[in-house]
Amino acid sequence: MAMSASPDEEDYDSEQDQNRAVGRPKGKLGPTSAVKLAANRTTAGARRRRTRCRKCEACLRTECGECHFCKDMKKFGGPGRMKQSCIMRQCIAPVLPHTAVCLVCGEAGKEDTVEEEEGKFNLMLMECSICNEIIHPGCLKVRESDGVVNDELPNCWECPKCNHAGKTGKQKRGPGFKYASNLPGSLLKEQKVNRENKEVIPEAAKRKVECEEPPRKKSEEHPKKPPLDPLLRRKSEDVLLRRKRKFEKPQEPTMRKRLKLGKEEKLFRKKRRVMEGAGRPDCAGEAFGGT
DNA sequence: ATGAACGTAGCC
DNA sequence: GGCTACGTTCAT
Ligand SMILES: [Zn+2]
Ligand SMILES: [Zn+2]
Ligand SMILES: [Zn+2]
Ligand SMILES: [Zn+2]
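Per this note's numbering: the first sequence = residues 568 to 858.
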């Protein structure tokens, strides 16, 4: 009740469409089989994407127009296939969408209705980085134990159940954000650093650098650190000419205000979720109080 | 493992 | 309705 804050609920029917996002010949499922579909969040809450906070340095910045992703944008003369945000604008604290609600009680975050530190915590929405469920910690049955809060991301933790599971079987996944280096799960490498003189460091990368690991853990990390030869990384050009996806829309590289694609957008609706995770503890199972 | 591609969630 | 860009999958 009392949940009508935003009108942007959009359609949630296509919940798992993006799981076969690229490439599947729209009719058949991947060879990866379709039998793991899952059983996690699908039941009640639709998957929630995080979205930019709009307040951090990165969010306030404007597109650099020179990074890899900017160059891909149609507005900068690119093909617009990549559809990623400017590197310099990678939000350093992506937030839960405003439409997010607790999987248990169905309500939004209510942290502002109280000022106790712990009170806030129990009323705010927390998203588990492992099972992705979003809940009010206070709505959990088991509360004392162990939700491990993730300081890197707002409203992110490892719910008690996943945390327990992790103690015996390691499988973290962390939210995506592969291009926002400071965030968990980032695929970004340190940046190449100084290309002559202009070293522009994305906000999202700064934190990571300062938090770099000077002291290695005892024997936790991978003991491998082979000296990579930078020359070996060269990629042949023939590889670049291979793209097999959809090559079309030659369109001129002229600048345009608004480019609109055809209407071939809302076409197919298929579902099938083929996650890799092998086995995630589904927190919705029973950790919650009752029905 | 890494990067390209793309459907569509989220927001205006 | 249009735009941005997240999160997943495909191709290397
Ligand atoms: Zn850029
Ligand atoms: Zn931000
Ligand atoms: Zn709740
Ligand atoms: Zn969890």
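All C-beta atoms, glycine included, are put in the ideal place defined by N, C-alpha and C. Nothing here was measured: the structure is a model prediction, and the numbers come from that model.
Subject >> Under 7 Å between C-beta atoms of residue 722 and residue 705 >> reply: Against the first sequence, residue 722 aligns to sequence position 155. Against the first sequence, residue 705 aligns to sequence position 138. With contacts defined by Cβ atoms closer than 7 Å, residue 722 and residue 705 do not form a contacting pair.
Q. Between the C-alpha atoms of residue 640 and residue 615, what's the straight-line distance to the nearest angstrom?
A. As a position in the first sequence, residue 640 is number 73, starting the count at 1. As a position in the first sequence, residue 615 is number 48, starting the count at 1. Cα-Cα distance, rounded: 25 Å.
Report task. Would you check if there are 3 or more beta carbon pairs closer than 8 Å linking the stretch 667 to 676 to the stretch 649 to 657? Result -> The count of Cβ pairs closer than 8 Å, one atom from the stretch 667 to 676 and one from the stretch 649 to 657, stays below three, leaving the stretches out of contact.
Using a 10 Å radius around the Cβ and a threshold of 16 neighbouring Cβ atoms, would you call residue 728 buried or exposed? As a first step, residue 728 is located in the first sequence; it is residue number 161 there, counting from the start. The residue in question, residue 728, is buried, as its Cβ has 16 or more Cβ neighbours within 10 Å.
### Task
Determine the extent of the beta strand (DSSP E) in which residue 694 is found, giving its start and end residues.
For the purposes of this step, residue 694 is taken as the residue at position 127 of the first sequence. Element bounds for residue 694: 693 to 695.
Original post:
Can you give the Cα-Cα distance for residue 715 and residue 647, rounded to whole angstroms?
Top reply: Taking the first sequence and counting its residues from 1, the one referred to as residue 715 is at position 148. Taking the first sequence and counting its residues from 1, the one referred to as residue 647 is at position 80. Answer to the nearest angstrom: the Cα atoms are 39 Å apart.
Rounded C-beta distance between residue 719 and residue 695? I'm assuming under 8 Å. If you number the first sequence from 1, residue 719 lands on position 152. If you number the first sequence from 1, residue 695 lands on position 128. The C-beta distance from residue 719 to residue 695 rounds to 14 Å, too long to fall under 8 Å, and the pair is not in contact.
Can you list, in chain order, every residue whose CB sits closer than 7 Å to a heavy atom of ligand 2? Those residues placing their Cβ nearer than 7 Å to any heavy atom of ligand 2 are, following chain order, 619, 620, 621, 622, 623, 625, 626, 658, 659, 660 and 661.
Checklist entry - Can you pull every residue whose C-beta falls closer than 7 Å to some heavy atom of ligand 1, listed in chain order? => result One residue list follows from the rule of a beta carbon closer than 7 Å to any heavy atom of ligand 1, given in chain order as 630, 631, 632, 633, 634, 636, 637, 653, 654, 655 and 656.
Do residue 660 and residue 620 have their C-beta atoms within less than 7 Å of each other?
Counting from 1 along the first sequence, the entry for residue 660 is found at position 93. Counting from 1 along the first sequence, the entry for residue 620 is found at position 53. Taking 7 Å as the cut-off, the Cβ atoms of residue 660 and residue 620 count as close.
Helix, strand or coil at residue 618 according to DSSP, with G and I counted as helix:
Taking the first residue of the first sequence as 1, we reach residue 618 at position 51. For residue 618, the three-state secondary structure derived from DSSP is strand.
In whole angstroms, give me the CA-to-CA distance for residue 683 and residue 635.
As a first step, residue 683 must be located in the first sequence, where it is residue number 116. As a first step, residue 635 must be located in the first sequence, where it is residue number 68. Computed Cα separation, rounded: 44 Å.
Local conformation of residue 624 per DSSP, three classes: For the purposes of this step, residue 624 is taken as residue 57 along the first sequence, with counting starting at 1. Helix, per DSSP.
Given a cut-off of 7 Å, decide if residue 678 and residue 693 are closer than it, judged by their beta-carbon atoms.
Taking the first residue of the first sequence as 1, we reach residue 693 at position 126. Taking the first residue of the first sequence as 1, we reach residue 678 at position 111. Using a Cβ distance threshold of 7 Å, residue 693 and residue 678 do not count as a contacting pair.
* Option nearest residue 700 by Cα separation, candidates 669, 649 and 625 -> Mapped onto the first sequence, residue 700 falls at position 133. Its Cα nearest to that of residue 700, the residue 669 stands out among 669, 649 and 625.
Margin query: I'd like the list of long-range same chain contacts for residue 713, defined as Cβ closer than 6 Å, with 5 residues on each side in sequence excluded.
Written below: Residue numbering aside, residue 713 sits at position 146 when the first sequence is read from its first letter. Once the five neighbours on either side are set aside, the close Cβ partners of residue 713 are 727 and 730.
>> Quick check: does the Cβ of residue 706 come within less than 6 Å of any heavy atom belonging to ligand 3?
In response: Residue 706 sits at position 139 when you count from the first residue of the first sequence. Taking 6 Å as the cut-off, the C-beta of residue 706 counts as close to a heavy atom of ligand 3.
Notebook entry, point to check: Given residue 624, which residues of its chain have a CB within under 6 Å of its CB, disregarding the five upstream and five downstream residues?
Noted result: Residue numbering aside, residue 624 sits at position 57 when the first sequence is read from its first letter. The answer, listed in chain order, is 770.
Would the C-beta of residue 697 count as close to ligand 4, meaning under 6 Å from any of its heavy atoms?
The residue given as residue 697 occupies position 130 in the first sequence. Residue 697: yes, Cβ under 6 Å from ligand 4.
Count the other CB atoms, across all protein chains shown, that sit within 10 Å of the CB of residue 632; report buried if there are 16 or more and exposed otherwise.
As a working note, residue 632 is residue 65 in the first sequence. Residue 632 comes out exposed.
Query raised in the report: Which of the three DSSP states, helix, strand or coil, is assigned to residue 654?
Result: Looking up residue 654 in the first sequence gives position 87. Under the three-state reduction of DSSP output, residue 654 falls in the helix class.
Query - Terminal residues of the beta strand (DSSP E) in which residue 669 lies - result: The count along the first sequence starts at 1 and reaches residue 669 at position 102. No beta strand (DSSP E) holds residue 669; DSSP gives it neither H nor E.
request  = Over the uninterrupted beta strand (DSSP E) stretch that includes residue 725, give me the two end residues.
outcome  = Your numbering for residue 725 matches position 158 in the first sequence. Unbroken beta strand (DSSP E) run through residue 725: 723 to 725.
Integer-rounded CB distance, given that residue 664 should sit under 8 Å from residue 618: Sequence index remark: in the first sequence, residue 618 carries index 51 (1-based). Sequence index remark: in the first sequence, residue 664 carries index 97 (1-based). Contact between residue 618 and residue 664 holds, with the beta-carbon distance rounding to 5 Å and staying under 8 Å.
Are there any heavy atoms of ligand 4 lying less than 6 Å away from the beta-carbon of residue 672, as far as the coordinates show?
Locating residue 672 in the first sequence gives position 105, counting from the first residue. Not so, every heavy atom of ligand 4 lies at least 6 Å from the Cβ.
Margin query: Can you look up residue 720 in the DSSP assignment and give me helix, strand or coil?
Written below: To locate residue 720, count along the first sequence from 1; it is residue 153. Coil.
Got a sec? Which residues, its chain only, sit under 7 Å from residue 687 by beta carbon, not counting five neighbours each side? In the first sequence, the residue the question calls residue 687 occupies position 120. Closer than 7 Å at Cβ, skipping near neighbours: 678 and 681.
For this session: Could you tell me if residue 825 is buried or exposed, where buried requires 16 or more neighbouring beta carbons within 10 angstroms of its beta carbon?
Result: Counting from one through the first sequence, the residue named residue 825 turns up at place 258. Any answer about residue 825 is weak, because its pLDDT of 24 lies below 50 and its placement is not dependable; what the coordinates show is given next. So residue 825 ends up on the exposed side.
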